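Q: If you read the sequence shown in my numbering, its first letter stands for residue 42, the second for the next number, and so on.
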Amino acid sequence: MAKIIFSVALIPIVLVYIADSRTCKNVGDKCKSNEDCTTGNCQERRCEYSPDTRTNVLKASQHLRLGDMKRQPDVNTRSGILPESYRWPYGTMPYELDPAFSSSELDLIFKSFRAIEKRTCVDFVERRKEKDWVYYERSKDKGCASDVGKQGGRQILNLSGADVEGGSDCFHESIIVHETLHALGFHHEQNRHDRDEYVSINWDNIACPEQFNFYKDNLTSATTFGVPYDYVSIMHYEGNEGGIDPKLPTIIPKLAGIKVGGNRLSELDIVRINRMYKCIPPQ
Numbered sequence: 042m043a044k045i046i047f048s049v050a051l052i053p054i055v056l057v058y059i060a061d062s063r064t065c066k067n068v069g070d071k072c073k074s075n076e077d078c079t080t081g082n083c084q085e086r087r088c089e090y091s092p093d094t095r096t097n098v099l100k101a102s103q104h105l106r107l108g109d110m111k112r113q114p115d116v117n118t119r120s121g122i123l124p125e126s127y128r129w130p131y132g133t134m135p136y137e138l139d140p141a142f143s144s145s146e147l148d149l150i151f152k153s154f155r156a157i158e159k160r161t162c163v164d165f166v167e168r169r170k171e172k173d174w175v176y177y178e179r180s181k182d183k184g185c186a187s188d189v190g191k192q193g194g195r196q197i198l199n200l201s202g203a204d205v206e207g208g209s210d211c212f213h214e215s216i217i218v219h220e221t222l223h224a225l226g227f228h229h230e231q232n233r234h235d236r237d238e239y240v241s242i243n244w245d246n247i248a249c250p251e252q253f254n255f256y257k258d259n260l261t262s263a264t265t266f267g268v269p270y271d272y273v274s275i276m277h278y279e280g281n282e283g284g285i286d287p288k289l290p291t292i293i294p295k296l297a298g299i300k301v302g303g304n305r306l307s308e309l310d311i312v313r314i315n316r317m318y319k320c321i322p323p324q
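(1) In whole angstroms, give me the CA-to-CA distance for glutamate 308 and aspartate 210.
(2) By the three-class DSSP mapping on this structure, what secondary structure does aspartate 164 have?
(3) On a Cα-Cα basis, can you pick out the residue from Gly284, Val301 and Val312 that is closest to valine 268?
(4) Can you round the beta-carbon distance between valine 240 and valine 301 to whole angstroms, since I take them to be within the 8 Å contact cut?
(5) Who pairs with asparagine 254 in a beta bridge, going by DSSP?
(6) How about the region 196-204 and the region 228-246: do they share at least three Cβ pairs that are nearer than 8 Å?
(7) Beta-carbon separation of threonine 264 and leucine 123 under 7 Å?
(8) Once DSSP output is grouped into helix, strand and coil, what is the label at phenylalanine 154?
(9) Per DSSP, glutamate 178 forms a beta bridge with which residues?
(10) Could you compute how far the alpha carbon of glycine 283 sits from the alpha carbon of proline 140?
(11) Figure out for me which residue from Asp258, Asp148, Leu138 and Gly193 has the closest Cα to the Cα of tryptophan 129.
(12) Determine whether the beta carbon atoms of histidine 234 and serine 187 lie at a separation below 7 Å.
(13) Could you say which of Ala156, Lys170 and Arg168 lies nearest to isoleucine 216 if we only look at CA atoms?
(14) For isoleucine 311, which of helix, strand or coil comes out of DSSP?
(15) Please classify valine 240: does DSSP put it in a helix, a strand, or coil?
(16) Mind checking which residues open and close the beta strand (DSSP E) that includes leucine 225?
(17) Looking at the strands, I want to know which residues DSSP matches up with glutamate 137.
(18) Identify the residues that DSSP records as bridge partners of isoleucine 299: which are they?
(19) Taking the beta strand (DSSP E) that proline 294 belongs to, which residues open and close that run?
(20) Assign asparagine 254 to buried or exposed, taking buried as 16 or more other Cβ atoms, counted over all protein chains shown, within 10 Å of its Cβ.
(21) In this structure, how does DSSP classify glycine 193 when only helix, strand and coil are distinguished?
(22) Can you tell me whether DSSP reads glycine 184 as helix, strand or coil?
(23) Distance check for proline 135 and aspartate 173, CA to CA, integer angstroms please.
(24) By alpha-carbon positions, which one of Pro294, Glu279, Asp204 and Glu238 ends up nearest to arginine 179?
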């Protein structure tokens with residue numbers, strides 16, 4: 042039976058923008074405009090001239106989303122992927138669970154599934170004979186990571202435990218929901234093609250090897266599903282995510298007085314999922 046999903050009103054937001062004027066550190070050149078700082082001119086010179094200062098990233102314990110998306114060079118998968126072939130038919134994602142998960146870890150995975158199912162038409166079903174499925178693996182050294190969208194065959198979603206030496210503690214509902222949304226087909230919110238209208242990226246505080254995590258998408262391979270930019274999306278990095286100096290921001294919102302990043306599904310996350318999977322509107 043098809044689920045009936047209640048619509049969410051999209052309330053217009055009046056933005057108060059903050060002036061942004063910065064210098065390209067370690068190069069000494071003034072950015073001629075905000076766009077110059079955010080589209081590559083200054084960042085490329087920094088990496089070219091001072092690579093030794095941009096090689097280490099100090100991750101706080103909660104910074105588990107940096108580099109969590111497995112790279113797919115054949116398709117740009119920002120915000121929400123365009124090709125239908127990367128979406129799960131009828132919004133149903135078969136899964137298989139690593140027997141190494143503890144009972145408490147399994148409870149968190151199932152709780153994360155329910156958080157998504159409760160507000161969308163997406164269903165998670167234990168795999169039987171389906172040819173495409175997601176294997177939730179309790180990984181030893183791969184952190185929290187997922188492919189974006191349906192890949193075909195068995196695809197692995199990595200969840201590392203804090204008890205693993207050098208591992209990340211992925212066992213938080215927000216992290217599992219975040220990785221599961223990647224598997225459903227969603228990229229990070231701050232990679233949207235229109236993000237420069239809403240945030241500035243502080244390239245000075247991002248290590249060169251990690252800068253790809255902050256690159257924008259292009260219009261030909263992604264869609265925002267007509268949903269406004271969502272500062273509090275569960276798919277948005279926190280303000281200092283991936284910072285060389287975690288006390289300084291990597292993402293600066295242009296909306297005054299707002300923090301970025303969310304620990305639960307936002308209302309706009311729900312709208313976006315329902316639009317991707319064409320959930321039935323109320324009659």
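Using N, Cα and C, we set each Cβ at its ideal position, and we do this for glycine too.
From a predicted model like this one, the values you see are computed outputs, not experimental measurements.
A: Looking at the coordinates:
(1) The alpha-carbon atoms of glutamate 308 and aspartate 210 are separated by roughly 26 Å.
(2) It is a strand residue.
(3) The shortest Cα separation from valine 268 among Gly284, Val301 and Val312 belongs to Val312.
(4) Right, their Cβ atoms sit about 7 Å apart.
(5) Asparagine 254 is not bridged to any residue.
(6) They do not touch, by the three-pair rule.
(7) Note that the C-beta distance between threonine 264 and leucine 123 is below 7 Å.
(8) Taken through DSSP and simplified to helix, strand or coil, phenylalanine 154 comes out as helix.
(9) According to DSSP, which records beta bridges pairwise, glutamate 178 is partnered with Asn199.
(10) Their backbone Cα atoms lie some 32 Å apart in a straight line.
(11) Here the closest residue by C-alpha is Gly193.
(12) The Cβ atoms of histidine 234 and serine 187 lie no closer than 7 Å to each other.
(13) Of the candidates Ala156, Lys170 and Arg168, the one whose C-alpha sits nearest the C-alpha of isoleucine 216 is Ala156.
(14) In the structure shown, isoleucine 311 sits in a helix (DSSP, three-state: H, G or I).
(15) Strand at valine 240.
(16) Not the beta strand (DSSP E): leucine 225 falls in the alpha helix (DSSP H), residues 214-225.
(17) In the DSSP assignment, the residues bridged to glutamate 137 are Tyr176.
(18) Per the DSSP secondary-structure output, isoleucine 299 pairs with nothing in a beta bridge.
(19) Segment 292-294, the beta strand (DSSP E) holding proline 294.
(20) Counting Cβ neighbours within 10 Å, asparagine 254 comes out buried, since at least 16 surround it.
(21) Coil.
(22) DSSP places glycine 184 in coil when its eight states are reduced to three.
(23) CA-to-CA, the gap between aspartate 173 and proline 135 works out to about 7 Å.
(24) Minimum Cα-Cα distance from arginine 179 among the listed residues Pro294, Glu279, Asp204 and Glu238 corresponds to Asp204.
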